[in-house]
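Written below as structure tokens is the structure these notes are about.
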Amino acid sequence: QVQLVESGGGLVQPGGSLRLSCVASGSAFSIYTMYWYRRAPGKERELVASIYISGMINYADSVKGRFTISRDNAKNTVYLQMNNLKPEDTAVYYCHATQSGVPLAWGQGTQVTVSS
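Numbering (the working numbering), first residue to last: 211 to 326.
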């Protein structure tokens with residue numbers, strides 16, 4: 211069973227940056243599609259970014275030009291580099307893995323708070 215562990219959240223001022231990491235257990239990471247989602251207080255869960263095994267990447271319009279998703283298959287890790295953070299980016303961020311469209315696992319979430 212795949213397990214995902216996120217890290218890298220914290221408190222940052224508007225305009226600041228954070229890098230989230232998500233490490234997957236097991237040896238099949240390279241064939242997973244990986245996603246970053248977030249849930250802000252009182253809001254629905256939102257897909258932030260996704261990266262496919264082909265290398266194709268998608269972003270939510272709200273983060274385009276500010277966030278970058280990447281993966282290091284040798285380290286079983288997916289990253290989310292977040293720049294120019296805004297208060298509306300405040301949320302719990304979760305990574306998620308699928309394989310051939312089948313959901314595999316969710317991480318426990320990491321809190322990102324953007325505030326002065």
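For each residue, glycine too, the CB sits at the ideal point set by N, CA and C.
query	result
Leaving out five residues before and five after Ala270 in sequence, what residues of the same chain have Cβ atoms less than 8 Å from its Cβ?	Glu256, Leu257, Val258, Ala259
Got a sec? Which residues, its chain only, sit under 8 Å from Asn283 by beta carbon, not counting five neighbours each side?	Phe239, Ser240
Spatial neighbours of Ile263 within its chain, please: CB distance less than 8 Å, with the 5 preceding and 5 following residues excluded, ordered by chain position.	Ser240, Ile241, Tyr242, Thr243
Span of the beta strand (DSSP E) holding Met244?	243-249
Under a three-way DSSP split, which group does Glu254 fall into?	coil
How far does the beta strand (DSSP E) with Gln321 in it extend, from its first residue to its last?	320-324
Rounded to the nearest angstrom, what separates Lys253 and Gly319 at their Cα positions?	16 Å
Going by beta-carbon coordinates alone, are Tyr303 and Val324 separated by less than 7 Å?	no
By how many angstroms is the C-alpha of Arg281 removed from the C-alpha of Ser231?	9 Å
Should Pro251 be listed as close to the ligand FAD, given that the test is whether its C-beta is under 6 Å from any heavy atom?	With respect to the ligand FAD, the structure shown offers nothing to examine, as it has no ligands at all.
Could you round the C-beta distance between Asn286 and Ala234 to whole angstroms and report it? I think they count as a contact, below 8 Å.	5 Å
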